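Structure representation (structure tokens):
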């Protein structure tokens, strides 16, 4: 059997879909998740979790108040702590991520930053003695930590952080202080209520000299009572668009004193007498950010996959209207408009995941290079991941919302759960670097590259930018390589054009900053085209390496859909290099591949193997029994606990009675 | 003073902005709201409401649980009932809408459908005797009603509703029945918990003949106890993406009997012996839908205005990074990327509101014509509003999300409130006709129009479609009329092209339905272009009628921004009619007008005169005191009621203690 999701008793609508699969969904999962081994481990973890009743949701998440969500996240994390060694290899980040997604979902928990930033920062920034003191305790979860950097008044611009750590030579202490309301640390996950320690980023000041932002270990709460220490003002920043099981917090410090040895001193040092010893390499703190961004394409791809799983399955269950058959209504998945809403996003989900694998691989490669003293790849990867993060998070958000709307009215119900996935995914446009800022960081790299070429130094270009030095050729669209050439033409033209605009403005007398700002939108356009080119190439590279023929065939269809959709989407740029006849051809190809994908659509989403537990969606259930479960779900929702609501007794009944008089 | 929003003690950042206004914001408000009279009434209502303490929010809405939101909506509506006559002219729909938006906001209340559909349907569908029986009681709010049409298994396809009303001649009763789970009425606002009556849409069946959907008055709950009657299963459908103060409901009817006279019989009749008397005009029930859609452009424009008010004000308060001045950080509103995120949407907000006025006017004109027996304009307006509803709701959603992201991290906090506005507005892509279905309804009209032209009957075209018969001319972009011509060229070309594709597929042997489906995406493209053309023209018509020079000047700038942005957005189509040099000109114009709008940006959003109460946003406060109020808001959020959460006591403390052993 090719689709492995078939079970007895399934809705026949989905059975029919799954029987059309032309490939083995387990083999596709191995391609999606990078190895047969990890795809199998995912299934095993899902299976093991399903057998531990205390790890199940106490209620559907949408029925919980915010306080209940925080409690539920905390309950789950404390229970998971018991089972961790039994369920996963704790050193395997991917297994851990999958486990947490299954059990806790997307809405957050008190250990989010503890594992993702607190411990890694201790590992990379704390000296050996400091690690001895704190790292094991943190690993054993004796203490809970977070990472406190952004402030109420400042996000991405680290140079203007207001929190200070002034060194007091007499007592050999740092005095940490947030002098204004805008200096309050704001947003760090789990800072508000859960953590008792924080790594606080503050401007290091010695004898009135500012040495810039550094990390300080700060105890926030008493380890026994959990009550905030004197000088510490800490609390939750209030409800958010999503992540409401997490207690993102604020933190004010009122001349709080910590010992000199609480400055993380792996790379820099402050001696007892106040002598500052510089770190050997200025960019050493940089790579954590690049790491997280390099994982984002994969993560966002999975968010998109989540939403599409729900929408594609539901679209095969929902019938509405008629085509040829006047007796039986048609599955809404048979409408071209529905396919056009879902399938290009499906191609993107695959593309993003494959691109994510590549950047994660590039990142590990970079770490090895840096260890060997070679930091030349840093700028390339930083630029690449900045662009990817922006483009992928933006297109993921669009795709998720279209998936939700493709579910009609029921998509709007929390029973679809798609709006939660949207809320989480769209955060990616803002966190880890605001999208416009990120696109402009990539643009800086592109402009530098063009300037290198103009200076005759094209050989110094990073591998991702080398096409910028090529000549734009006429190309045909008879092969995938033709599409790549077309995207190269477009990305190259726009990078040069935006650079020229910027340079011309400077020549005309504008300052560098003003010229940059006046070219900014054109520069972001260049960054987007460059990034989309990279995604297409990564998709192609991955497909070319697949050995299983049926899997390769359907992914080749998806790739064709992708290149045609993408090209049409930016055809304004393409028309400098192709004719309207070619454009019509691209359109026809697009519609052709929508039809080609149709029979495999449900199997392509099944291949993501996102369990019902993780989907948390009535519409997206594997078994397709949507309607009876929507009714069940609704009946159990909290508002239905009473037939007559207290508010009806209190307000509506008296109002109606009074009107009768 | 030109900007009327200036008060003592405001944040100087906003004061500086407002002092740059080149026009009078009260005069602009009169243009936005159609008359000086209504703009003034809005301010008076806002002012009056602010003086009635019991109409204030008991807490910021984001701090309320769903149950508390329902209670709060109910409390407010019952208090408002007392004050209605004092605060507004009850016959004035606009005043009523404004009042409800101020006091209750966007998240719903138990009378949403009572006023908007229950009473109007009684007015248009109930006979005089029936009106006497129910209408006055409904108006006095002795009873609360809703309108129950969509079912769990069927939304827009009315022909396949499953609920039946079988006439029993012996007892002269209708037997109402929902035979399956999918037949449950699903979604009607206030049906779940608040209403005691419903107008139920059911298939009328007499002697096994199905006469199609009809309206039946059905009592759901006992008027005294509010307990559901026998045969009635009713409840809340659970939490939604938004509208969570509303109890959208489900309804099952188990062979419930109602008297023959509960069929609404203004236009059709069922005699005691089961004789069915047809309504005189088949489309008579149609116009309610057209009315609501004709108001949607205005409504969505105001949602967009709401989000932009928040984002523009906050962008003038938030400082981040540097341009020329290395000492003082720059307002983020000075970044071109930020302007590009906000100002084209600002132009659209104005455009949508102006377009809304036109369609509302066309609707009243239509009603007069229909009264005179002339229904010829019906199809035109139906097509127009179908397209408008789709394009405007889609672009509004995009614009609101961009506004939220323009606020960076704080945009993601519920303190911005933008995500609530998004949740409400984006519902407009689905309710009142799913967007794709709507675009295809307009497409049907466009195809018919092209077929008329091909048949030599161009004179029969509706006024909105007459341009389809013109020849495509070369045009220049030196005047606004040039842009209109360009949009006509594009919309015409695409309408013809999509029609040809459809006809060709039929010629090649496909059935009408299949040919239609295979052309569907191209047809929706035609509908979008046609609609965007109409919006541009409506914007131009409105600006041309303005007398106040300063107001006209700034709106002319906004109009120029609009046409350039819109043209660039669909340049793929435009390039068939213009050169790349012209395209570069359009880009330059776009950036030029972003700069031109900049000094008036805050004053342009101030002109919407959306009160702080209605904004419900800490970021968007009129006085600009954002940061201290964010802190205040956060401190008062429910999670901060205790320093140490119960979940910390119960789960985290034991976990940490155990780890120490």
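Protein chains in written order, with UniProt numbering: chain A, 1 to 661; chain B, 1 to 661.
Virtual Cβ for every residue (Gly too), placed ideally from N, Cα, C.
From a predicted model like this one, the values you see are computed outputs, not experimental measurements.
What do you reckon, are the CB atoms on residue 266(B) and residue 172(B) nearer than 8 Å?
no
Simplified DSSP state of residue 576(B), which is helix, strand or coil:
coil
DSSP three-state call for residue 625(B): helix, strand or coil?
coil
DSSP three-state call for residue 620(B): helix, strand or coil?
coil
Let's see if you can read the secondary structure: which residues bound the beta strand (DSSP E) around residue 168(A)?
164-168
Can you list the beta strand (DSSP E) stretches of 3 or more residues lying completely in the stretch 358-437 of chain A, in chain order?
none
Would you be able to state if there are at least three C-beta pairs under 8 Å between the stretch 366-374 of chain B and the stretch 409-419 of chain B?
no
I want to verify the contact list: residues of chain A whose CB lies under 7 Å from the CB of residue 408(B), in sequence order.
155, 430 and 434
In the DSSP output, which residue or residues are listed as bridge partners for residue 219(B)?
197(B)
At 7 Å on the CB atoms, spell out the chain B contacts of residue 193(A), in chain order.
639, 645 and 648
Proximity of residue 64(B) and residue 72(B) at Cβ, strictly below 8 Å
yes
Express the C-alpha separation of residue 426(B) and residue 343(A) in angstroms, rounding to a whole number.
22 Å
Other residues of its chain near residue 30(A): CB distance less than 6 Å, five sequence neighbours each side excluded
36 and 39
Using a C-beta cutoff of 8 Å, does residue 323(A) count as contacting chain B?
yes
Under DSSP, the alpha helix (DSSP H) around residue 190(A) begins and ends at which residues?
Residue 190(A) -> no alpha helix (DSSP H), and no H or E assigned at all.
DSSP has residue 340(A) in a bridge; who is on the other side?
Residue 340(A) pairs with nothing; no bridge assigned.
Expressed to the nearest angstrom, what Euclidean distance is found between the alpha-carbon atoms of residue 258(B) and residue 174(B)?
5 Å
For residue 393(A) and residue 455(B), what's the separation of their Cα atoms in angstroms?
49 Å
At what residues does the alpha helix (DSSP H) containing residue 654(B) begin and finish?
653-660
Spatially closest choice to residue 469(A) from 449(A), 487(A), 478(A) and 486(A), by CA coordinates
449(A)
What is the residue span of the alpha helix (DSSP H) that residue 106(A) lies within?
It is not in any alpha helix (DSSP H) - residue 106(A) carries neither H nor E in the DSSP assignment.
Where does the unbroken alpha helix (DSSP H) through residue 487(A) begin, and where does it stop?
480-507
Relative to the alpha-carbon of residue 23(A), which residue among 632(A), 606(A), 231(A) and 204(A) has its alpha-carbon at the smallest distance?
606(A)
With 8 Å set as the bound, which would you pick, yes or no: does the beta-carbon of residue 579(A) sit closer than that to a beta-carbon of chain B?
no
Is residue 240(A) helix, strand or coil when you go by DSSP?
strand
Would you mind stating whether residue 19(B) and residue 5(B) have Cβ atoms separated by less than 8 Å?
no
Note down, in chain order, each residue of its chain lying with its Cβ closer than 6 Å to the Cβ of residue 555(A), except the 5 sequence neighbours on either side.
543
Verify the CB distance criterion: does residue 389(B) have a CB-CB separation below 8 Å to chain A?
no
Near residue 551(B), which residues of its chain fall below 8 Å by C-beta distance, leaving aside the five closest residues on each side in sequence?
23, 24, 27, 28 and 31
Just by C-beta distance, which residues in the stretch 512-542 of chain B are closer than 7 Å to chain A?
513, 514, 517, 518, 520, 521 and 524
Does any residue of chain A bring its CB to less than 8 Å from the CB of residue 134(B)?
no
By the criterion of Cβ-Cβ separation under 9 Å, what are the contact partners of residue 70(A) in chain B?
639, 645 and 647
Is it the case that the CB of residue 576(B) approaches a heavy atom of the ligand COA more closely than 7 Å?
No copy of the ligand COA occurs in the structure displayed, which carries no ligand at all.
Would you say residue 519(A) and residue 502(A) are within 8 Å of each other, going by their C-beta atoms?
yes
Is the shortest distance between the beta-carbon of residue 663(A) and the beta-carbons of chain B less than 8 Å?
Because chain A spans 1 through 661 in this model, residue 663(A) falls outside it and cannot be assessed.
Less than 8 Å between CB atoms is the rule here; does residue 352(A) satisfy it with respect to chain B?
no
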